[in-house]
Amino acid sequence: MPDMWTSNLLLHELSALVAGLFLLTAFGLIATRQVLACLRTFVLQSLFLALSAFVLGYLNASASLLAVGAITVVVKIVLIPWLLLKTLGDELRARREISQVLNIPTSLLIALAIVVFSYFVSVRILAVAPKGASAMNLPIGMAGLLLGAYAMTVRREAVPQIIAILSMENGAFFAGIAIAPHLPLIAELSGAFDVLIITRVMGVLVMKVHERVGTTAVGDLVTLREE
Amino acid sequence: MGNKILLNVIQVIVVMAFSPLVKGVLNRLKERIQSKRGPSIFQPYYDIWKLFHKDEIVSDYSSWIFRVTPYVVFVTPIFVALLIPVLTSYPLFFAFMADMLGGGFILALGGFFATLAAIDTANPYGPMGASRTRMVGFLAEPVFMIVFFTVSFVAGSTIPYIVQKHWVTPIANFFEPAHVLVMIAFVMLIIAETGSIPVDSPSGHFELAMVDESKGLEYSGRGAALVKWGGCMKVFVLFCIFLNVLVSPWGLAQGDHIGEVLLAVPLILLKMFIFILILVIIESSLAKLRLFRIPEFLGAAFVAAVAAVMTRLLEF
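Read top to bottom, the protein sequences are chains A and B. Just so you know, we're using the working numbering here: the first sequence kicks off at 111 and counts up by one. Just so you know, we're using the working numbering here: the second sequence kicks off at 493 and counts up by one.
Structure follows, in structure tokens:
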């Protein structure tokens with residue numbers, strides 16, 4: 111059926127496109143200077159994750175992937191930003207630059223190297239994985255994971271670090287749904303709610319630290335260390 | 493073959509005739525969006541006409557470079573117009589003279605001479621703007637290269653006429669991640685190269701803040717007209733490369749009948765109008781970047797272009 115085939119090809123390209131945009135938002139998380147922009151980029155990234163889940167769910171005729179997409183929309187696009195804004199509103203809305211270890215152009219170049227690295231890492235895994243959409247999504251999910259870890263290292267403040275760790279989770283999810291489309295729903299559900307609770311706990315923790323110390327710049331927290 | 497040469501000449505005439513109009517529409521829309529009336533869309537034509545009828549003054553202390561530059565700036569976009577698809581979707585007579593990189597080099601030649609001429613007169617503002625333009629230029633260069641490499645890599649050719657067909661056969665290719673990322677990178681390049689708002693403010697007449705404008709400060713009369721017209725044509729050619737080679741070949745003439753080719757002219761202008769609308773919205777919703785933030789802007793374009801290559805590599 112040629113018609114069926116072309117529509118599937120279109121969907122494959124769409125899935126690849128979503129993966130490309132996902133990668134772009136992972137770069138965006140490293141390149142943004144303000145906390146609120148960081149959060150917006152994260153929301154955008156989660157949106158692409160959900161879109162990818164919908165497209166892959168349709169391609170693989172897997173209801174659990176569609177559910178994963180819906181959970182992602184509810185948890186990562188609505189609940190997590192709302193929670194962060196509620197607990198850390200002032201920190202998020204502060205219109206100042208995030209202090210960083212490296213400047214942004216250098217960071218971006220290192221991020222590019224990380225993507226190349228994740229490509230070489232995942233080529234080995236791809237050799238045994240099933241062919242299809244995963245050929246593209248696995249390395250990009252891996253890159254999202256590593257870029258999130260990198261963003262966490264480079265930022266000197268707690269709130270961007272929370273967002274970075276959430277984006278690491280996004281990357282892991284992105285790779286996960288590509289290679290295991292028929293994962294039991296219960297695993298996805300528990301994953302999603304874990305993330306929600308982690309966000310809550312980290313938010314409260316950061317709020318308390320901010321109350322006690324007056325800053326969440328991680329570099330300054332060294333002085334709290336006991337000798 | 494004679495027909496193809498004729499069509500090629502028509503292509504160049506279209507570029508020469510309509511480029512000031514594109515500039516005029518762009519300026520007008522920009523003013524409209526700020527709720528001002530704005531100049532007539534034919535204002536660039538009036539300006540060029542007026543400048544051609546004025547006396548030209550050349551400093552005694554300038555060399556031949558200053559006198560030659562307006563002609564170089566005027567001629568280089570015409571050469572590029574011979575190489576790229578402006579009206580037709582099939583290669584014309586000169587299409588195989590150079591590929592996209594060749595076209596890029598020819599455009600860069602014009603910029604190079606404009607910089608030399610700005611330094612030549614020893615006017616303090618000229619070299620300042622020229623060195624800033626060079627800074628933007630050398631940061632934009634790697635992005636240009638990567639975009640061209642990606643496009644050639646994806647389409648398997650460096651000739652623009654062959655590249656453009658790849659994106660729509662089959663239509664799914666249009667949504668290829670490499671394609672979309674390359675488009676994003678190229679829009680950022682166009683903004684940087686045409687001196688639009690996040691990088692440069694073209695309507696600002698404060699010499700200390702000028703980037704692109706200050707190169708032509710010393711010119712008067714015919715020289716100024718040629719520099720201005722050449723600048724318009726460069727913008728037109730870049731828009732053509734973006735719209736016809738990178739975005740879509742829709743609206744281009746398929747057959748070699750002259751009526752069909754002329755019918756493509758309004759279609760191209762329509763496409764350009766839509767693109768200008770998008771560009772004006774981008775320009776009006778952003779603030780001008782500080783000079784030292786420009787590397788970040790172009791760094792982001794570079795990352796988008798490299799991500800395009802990378803997604804292409806991943807997608808075997």
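For each residue, glycine too, the CB sits at the ideal point set by N, CA and C.
In chain order, V185, L189, I190, L193 place their CB closer than 8 angstroms to the CB of A:L306, counting only its own chain and leaving out the 5 sequence neighbours on each side. Here the stretch 264 to 272 of chain A makes contact with the stretch 203 to 216 of chain A; the two share three or more CB pairs at distances below 8 angstroms.
Scanning the stretch 653 to 710 of chain B from its first residue to its last, the whole alpha helix (DSSP H) runs of 4-plus residues come out as 669 to 685. Non-local C-beta neighbours of B:G516 in its own chain, meaning closer than 8 angstroms and more than five positions away in sequence, comprise P531, S532, I533, F534, Q535, P536, Y537, ordered along the chain.
Restricting attention to B:T613, B:V578, B:A632, the CA atom closest to the CA of B:Q656 is found in B:V578. Residue environment: B:P741 is assigned as buried (16 or more neighbouring CB atoms within 10 Å of its CB, all protein chains considered).
By the Cβ neighbour-count rule, B:I676 is buried, with 16 or more other Cβ atoms within 10 Å of its own. With respect to the C-alpha of A:G199, the residue from A:V314, A:V328, A:A173 having the closest C-alpha is A:V314.
A:Y229 reaches chain B at M802, L805, L806, counting residues in chain order whose Cβ is nearer than 8 angstroms. Not flagged as an interface residue toward chain A: B:V691, since no C-beta distance is shorter than 9 angstroms. Look at A:R266 here: in three-state DSSP terms it is coil, with no helix or strand label. Separation of B:G723 and B:R520 (C-alpha to C-alpha, rounded to the nearest whole angstrom) is 17 angstroms. Look at B:N500: its C-beta is not under 9 angstroms from any C-beta on chain A. If one requires a minimum length of 4 residues, the alpha helix (DSSP H) runs lying completely within the stretch 581 to 620 of chain B are 592 to 612, in chain order.
Across the structure, B:K780 and B:I689 are spaced so that their CA atoms are roughly 5 angstroms apart. Of the candidates A:L134, A:G286, A:E207, A:Y168, A:L134 places its Cα closest to the Cα of A:L222.
Shown in chain order are the members of the stretch 770 to 800 of chain B whose Cβ falls below 8 angstroms from a Cβ of chain A: P787, E788, G791, A792, F794, V795, A796, V798, A799, A800. The CB of A:P249 comes closer than 8 angstroms to the CB of L806 in chain B, given here in chain order.
By the beta-carbon neighbour count (other beta carbons within 10 angstroms, threshold 16), A:G251 is buried. With respect to the C-alpha of B:N615, the residue from B:P512, B:F558, B:D539 having the closest C-alpha is B:F558.
Taking A:G130 as reference, the option from B:M627, B:P669, B:M508 with the minimal CA-CA separation is B:P669.
Under the three-state reduction of DSSP, A:Q210 is assigned to strand.
Put simply, the stretch 596 to 605 of chain B does not touch the stretch 738 to 753 of chain B. Fewer than three CB pairs are less than 8 angstroms apart.
For A:S300, the enclosing alpha helix (DSSP H) stretches over residues 295 to 323. Rounded to the nearest angstrom, the Cβ distance from B:D552 to B:G713 is 16 angstroms, too far for a contact under 8 angstroms. Taking 9 angstroms as the upper bound on Cβ-Cβ separation, chain A lies near residues A664, N665, F666, F667, E668, P669, A670, H671, V672, L673, I676 of the stretch 664 to 680 of chain B. Residue contact with chain A for B:P662: present (Cβ-Cβ distance below 9 angstroms to some residue of chain A). Runs of the alpha helix (DSSP H) spanning 4 or more residues and lying entirely within the stretch 127 to 196 of chain A occur at 145 to 169, 173 to 182, in chain order.
Across the stretch 115 to 137 of chain A, CB contacts with chain B closer than 7 angstroms involve T116, L119, L120, E123, L124, A126, L127, A129, G130, L133, L134, F137, in sequence order along the chain. Annotation for B:R529: no alpha helix (DSSP H) segment contains it, and DSSP assigns it neither H nor E.
In the DSSP assignment, B:A745 forms a beta bridge with B:T580. A distance below 6 angstroms between beta-carbons, with the five flanking residues on each side excluded, links B:F585 to the following residues of its chain, in chain order: K496, I497, N500.
B:I540 and B:D748 have their C-alpha atoms some 33 angstroms from each other. The C-beta separation of A:V128 from A:V165 comes to about 6 angstroms, placing the pair in contact by the 8 angstroms criterion. Per the coordinates, the alpha-carbon of B:L631 lies some 29 angstroms from the alpha-carbon of B:W556.
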